[in-house]
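J.: Got a structure for you, questions after.
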Amino acid sequence: MTTPLTLYTHPWSRGRVARWMLEETGLPYATEVLQYGTTMKAPAYRAINPMGKVPALKHGDTVVTENAAILMYLADLVPGKQLAPAPGTPARGPYYRWIAFMAPLEALLTAKSAGALAKPEQAGYGSEADVLDTLEGALRGRDHLAGDAFSAADLFVAASLGFYLQFKTIEPRAEFVRFAQLHAQRPAALRAGAIDDELAAQLQKTAS
Numbered sequence: 001m002t003t004p005l006t007l008y009t010h011p012w013s014r015g016r017v018a019r020w021m022l023e024e025t026g027l028p029y030a031t032e033v034l035q036y037g038t039t040m041k042a043p044a045y046r047a048i049n050p051m052g053k054v055p056a057l058k059h060g061d062t063v064v065t066e067n068a069a070i071l072m073y074l075a076d077l078v079p080g081k082q083l084a085p086a087p088g089t090p091a092r093g094p095y096y097r098w099i100a101f102m103a104p105l106e107a108l109l110t111a112k113s114a115g116a117l118a119k120p121e122q123a124g125y126g127s128e129a130d131v132l133d134t135l136e137g138a139l140r141g142r143d144h145l146a147g148d149a150f151s152a153a154d155l156f157v158a159a160s161l162g163f164y165l166q167f168k169t170i171e172p173r174a175e176f177v178r179f180a181q182l183h184a185q186r187p188a189a190l191r192a193g194a195i196d197d198e199l200a201a202q203l204q205k206t207a208s
């Protein structure tokens, strides 16, 4: 691939999810580290992502934001890596389903953390029990959510659960812990984590 890929991120952000996916693809990419409240909100970056948040992925003239979209976009760039089930196969449905499911999960946990949970009949995420029980049921006894091989759906769910478990914003149910820990040991996940940890250490050293 000759078209350059650039990841706009911060080492303590959801950009860690996008980096993990980039490491899974094996594609070369550049990293632009942005700072909260300054370069992340500057006009130069808002021209890329008007939301002024990370991550964002630039692929030539194409810009992709939101982790769900970034993961699916990258998976389709490297079909040989089989990070997404083939179009038209039965596994493609669960692949889309569980990547999209992270949106109501995040909405629920964000609202709960803010003390602003809506009534189940008024919220797009329904009740907390419904959301967590549904995800737990999908993971029970399974290492993969879409077919029998690792995919971007597994990455997104495992990375999200790892984040929420770390900050104690989700119940540490056994299936959540198992699934997050299982996929966090993938070589690409370990490489990505090491890169971001080093970047975080550099930022901390510069700040002090």
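The sequence shown begins at 1 in full-length UniProt numbering and counts up by one. Every residue gets a Cβ at the ideal spot worked out from N, C-alpha and C, and that includes glycine. None of these values were measured; they are calculated from a predicted model.
Based on Cα-Cα distance, which residue from LEU5, PRO11, THR3 lies nearest to residue 211?
T.: There is simply no residue 211 to check, as the chain begins at 1 and stops at 208 in what is shown.
J.: Alpha carbon to alpha carbon, how far is GLY193 from ARG19?
T.: One C-alpha to the other measures close to 8 Å.
J.: Less than 7 Å between the beta carbons of LEU161 and ALA149, yes or no?
T.: No, Cβ-Cβ distance for LEU161 and ALA149 is not below 7 Å.
J.: When you compare each of ARG16, PRO4, GLU136 to residue 209 by their alpha carbons, which one comes out closest?
T.: Only positions 1 to 208 of the chain appear in this structure, which leaves residue 209 out of reach.
J.: Determine the contact status of ALA146 and PRO79, defining contact as a CB-CB distance below 7 Å.
T.: Not closer than 7 Å, so no.
J.: In chain order, what residues of the same chain have a beta carbon less than 8 Å from the beta carbon of MET51, not counting five sequence neighbours either side?
T.: The answer, listed in chain order, is THR65.
J.: Quick check on the DSSP output: what are the complete beta strand (DSSP E) runs of length 3 or more inside the stretch 53 to 87, in order along the chain?
T.: The stretch 53 to 87 contains these whole beta strand (DSSP E) runs: 56 to 59, 62 to 65.
J.: Pull up the DSSP beta-bridge partners for VAL33, would you.
T.: Note: VAL33 sits in a beta bridge opposite THR9.
J.: Do you know how far the Cα of ALA44 is from the Cα of LYS53?
T.: Taking the straight line joining both Cα atoms gives about 12 Å.
J.: Which same chain residues, not among the five before or five after ALA152, have their C-beta less than 7 Å away from its C-beta?
T.: Counting only Cβ-Cβ distances below 7 Å, and skipping sequence neighbours, we find MET21, LEU71, MET72, ALA75, LEU83, ALA84, ILE99.
J.: List, from N- to C-terminal side, the beta strand (DSSP E) runs of 3 residues or more that fit wholly inside the stretch 82 to 160.
T.: Listed in chain order, there is nothing to give.
J.: Quick one: using the 10 Å Cβ neighbour count with 16 as the cut-off for buried, is SER208 buried or exposed?
T.: By the 10 Å Cβ count, SER208 comes out exposed.
J.: Could you check whether THR6 and PRO55 sit closer than 7 Å to each other, using their CB atoms as the reference points?
T.: Not in contact: PRO55 and THR6 (Cβ atoms no closer than 7 Å).
J.: Identify which residue in GLU32, ASP154, ALA111 has its Cα closest to the Cα of ARG92.
T.: If we check each option's Cα against that of ARG92, ASP154 comes out closest.
J.: Relative to the alpha-carbon of LEU105, which residue among PHE156, ALA42, GLU198 has its alpha-carbon at the smallest distance?
T.: Here the closest residue by C-alpha is PHE156.
J.: Under the assumption that GLU136 contacts ARG173 (Cβ atoms under 8 Å), give the Cβ distance between them as a whole number of angstroms.
T.: Their Cβ separation, rounded to whole angstroms, is 6 Å, which keeps GLU136 and ARG173 in contact under 8 Å.
J.: Using only CA atoms, which one of SER113, ALA138, ALA103 lies nearest to TYR125?
T.: For TYR125, the nearest C-alpha among the options comes from ALA103.
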